[in-house]
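Undergrad:
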Amino acid sequence: MKKITCLLLLIQSGFIMAQTKTVVTQFGEKLTISPYANNGLTANNGYIQLGGPLTKSSVLTTTSSYTLAIQGLQTGDTSDNVLVTDANGVLKYVSRASFGGGADNLGNHIATKDLEMSTFSILNIKNAYVKNEAQFADRVTSNTNYFGIYKNNGFFGIWNNLKNANALTIDETTNKTTLTSAQIAKGTDGAAPVPGSIATAADATGNIIWTLPTVAPGVVTPRLVGFAKVNTTRTSGLKVFFDTNVLNPENAFTGDLTNGTTYNIKKAGLHQIFVNLTVATPTADWYLRIKKNGTPIAAIDATKAAGASAVVFAIDDFAAGDKITVDMGGNATGYTSSLTRIAVFRFDQAN
5 MKKITCLLLL
15 IQSGFIMAQT
25 KTVVTQFGEK
35 LTISPYANNG
45 LTANNGYIQL
55 GGPLTKSSVL
65 TTTSSYTLAI
75 QGLQTGDTSD
85 NVLVTDANGV
95 LKYVSRASFG
105 GGADNLGNHI
115 ATKDLEMSTF
125 SILNIKNAYV
135 KNEAQFADRV
145 TSNTNYFGIY
155 KNNGFFGIWN
165 NLKNANALTI
175 DETTNKTTLT
185 SAQIAKGTDG
195 AAPVPGSIAT
205 AADATGNIIW
215 TLPTVAPGVV
225 TPRLVGFAKV
235 NTTRTSGLKV
245 FFDTNVLNPE
255 NAFTGDLTNG
265 TTYNIKKAGL
275 HQIFVNLTVA
285 TPTADWYLRI
295 KKNGTPIAAI
305 DATKAAGASA
315 VVFAIDDFAA
325 GDKITVDMGG
335 NATGYTSSLT
345 RIAVFRFDQA
355 N
């Protein structure tokens, strides 16, 4: 009986190679055998093999404990496509060229982390758009201070981390540049400055050169144009008489014992008059006045003091022909020749 059953099974198995059949095992169980395959499987000579077209959407699930590995893959090259998944986990491929080329090409994407270049360079930048600050570190790594370039509320600044202040600031509204400190080592002519030099424009384009004040064109400097001292002691007030033979660069001093000394302005401009006078035994309050065409422009009142001295100076604009006089009055017996001087300066503009 067993031999007959086995023979029947062998005969039946020959038929199920070609078509789906249902057989009954010796235990009475029904078994359906199909020689067909689809959805990624292929029937080949009685075998079910991996490979073939999918006929419906399929999901292969792996876990951290049960992973999937494919071994023996061929080595690809830069022209191959790249396998990716979409948001639903569906496998797709894209051209490698769509990533922008080289292995380090960032392409067009939005970063979510800082980019560490590991001392490598970024070359051939067309435009760099900095939204906060660009910081420049020292080449000497032990120096951790930096300079920063930034723009805040309309002001462009170069920040000095060590000084905790801007070294330079530009106002976008006025276009004015403010420097905390500046040093010009040489002018455009290559000459270095000496103490007291003035930076001046060498031409209409704004080239700067260093020149001394005495020769700097357009710079106003004081020039001594008249100097005299008392040649005798006066025992009464009135005007002050000076000896015009001491120093008189422009021959502008005139006067006599009655009218005192007069300085005649030779050239219009800003003048300074400096008077130092020693009073001879005043008995009460006295005064000293500098007059322009008879009108006081500077004066001093002094209390009674034996051997009192006074210093008075005035700065005023004068026209050619104006007259400067000095007089004193009050309760004084006059002035002594000792330490009594008058000096006149004119502020000339150098050519």
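Following the numbering used here, the numbering of the sequence shown begins with 5 at its first residue and continues without gaps. Even for Gly, the Cβ is constructed at its ideal location relative to N, Cα and C.
Do the stretch 206 to 215 and the stretch 311 to 324 meet, that is, are 3 or more Cβ pairs less than 8 Å apart?
TA: no
Undergrad: Please classify ARG350: does DSSP put it in a helix, a strand, or coil?
TA: In the sequence shown, counting from the first residue as 1, residue 350 sits at position 346. Strand, per DSSP.
Undergrad: Starting from the C-beta of ARG227, find all residues in its chain whose C-beta is less than 8 Å away, skip the five residues before and the five after it, and write them out in chain order.
TA: The residue given as residue 227 occupies position 223 in the sequence shown. Only PHE349, ARG350, PHE351 and ASP352 meet the Cβ criterion.
Undergrad: Considering only their Cβ atoms, is the gap separating THR82 from ARG100 smaller than 8 Å?
TA: Within the sequence shown, residue 100 is the residue found at index 96, counting from 1. Within the sequence shown, residue 82 is the residue found at index 78, counting from 1. Going by C-beta atoms, ARG100 is nearer than 8 Å to THR82.
Undergrad: With a Cβ-Cβ cutoff of 8 Å, do LEU58 and ASN43 count as a contact?
TA: What you label residue 58 is simply residue 54 of the sequence shown in a count that begins at 1. What you label residue 43 is simply residue 39 of the sequence shown in a count that begins at 1. Taking 8 Å as the Cβ cut-off, LEU58 and ASN43 qualify as a contacting pair.
Undergrad: Does the distance from the CB of GLU137 to the CB of TYR154 come in under 8 Å?
TA: Within the sequence shown, residue 137 is the residue found at index 133, counting from 1. Within the sequence shown, residue 154 is the residue found at index 150, counting from 1. Yes, they are a contact pair.
Undergrad: Going by beta carbon distance, what residues of the same chain come within less than 6 Å of THR36, once the five residues before and after it are set aside?
TA: Residue numbering aside, residue 36 sits at position 32 when the sequence shown is read from its first letter. Within the same chain, THR36 has close Cβ partners THR26.
Undergrad: Which of helix, strand or coil does DSSP assign to ALA41?
TA: Numbered from 1 along the sequence shown, position 37 holds the residue referred to as residue 41. Taken through DSSP and simplified to helix, strand or coil, ALA41 comes out as coil.
Undergrad: Flag this pair as yes or no: are the beta carbons of ILE346 and VAL279 separated by less than 8 Å?
TA: As a first step, residue 346 is located in the sequence shown; it is residue number 342 there, counting from the start. As a first step, residue 279 is located in the sequence shown; it is residue number 275 there, counting from the start. Yes; because the gap between Cβ atoms is below 8 Å, this pair is in contact.
Undergrad: What do you get for ARG293, buried or exposed, if any count of 16 or more other CB atoms within 10 angstroms of its CB means buried?
TA: If you number the sequence shown from 1, residue 293 lands on position 289. Buried is the call here.
Undergrad: Provide the residue span of the beta strand (DSSP E) that contains TYR70, from first to last.
TA: Here the question's residue 70 lines up with position 66 in the sequence shown. Neither: TYR70 is in no beta strand (DSSP E) and is coded neither H nor E.
Undergrad: Can you give the beta carbon distance from THR192 to ILE213, rounded, assuming they're within the 8 Å contact cut?
TA: The residue labelled residue 192 in the question sits at position 188 within the sequence shown. The residue labelled residue 213 in the question sits at position 209 within the sequence shown. About 6 Å separates the two Cβ atoms, so the contact holds.
Undergrad: Out of ALA195, LEU172, ASN179 and THR178, which has the shortest C-alpha to C-alpha gap to ALA186?
TA: Indexing the sequence shown from 1 puts residue 186 at position 182. Cα-wise, what sits closest to ALA186 is LEU172.
Undergrad: Look at the alpha carbon of ASN112 and the alpha carbon of ASN92, and state the distance between them as a whole number of angstroms.
TA: Translated into the one-based positions of the sequence shown, residue 112 becomes position 108. Translated into the one-based positions of the sequence shown, residue 92 becomes position 88. Roughly 23 Å separates the two Cα atoms.
Undergrad: LEU281: buried (16+ other C-beta within 10 angstroms of its C-beta) or exposed?
TA: The sequence position of residue 281 within the sequence shown is 277, counting from 1. Classification of LEU281: buried, given that the 10 Å Cβ count is 16 or more.
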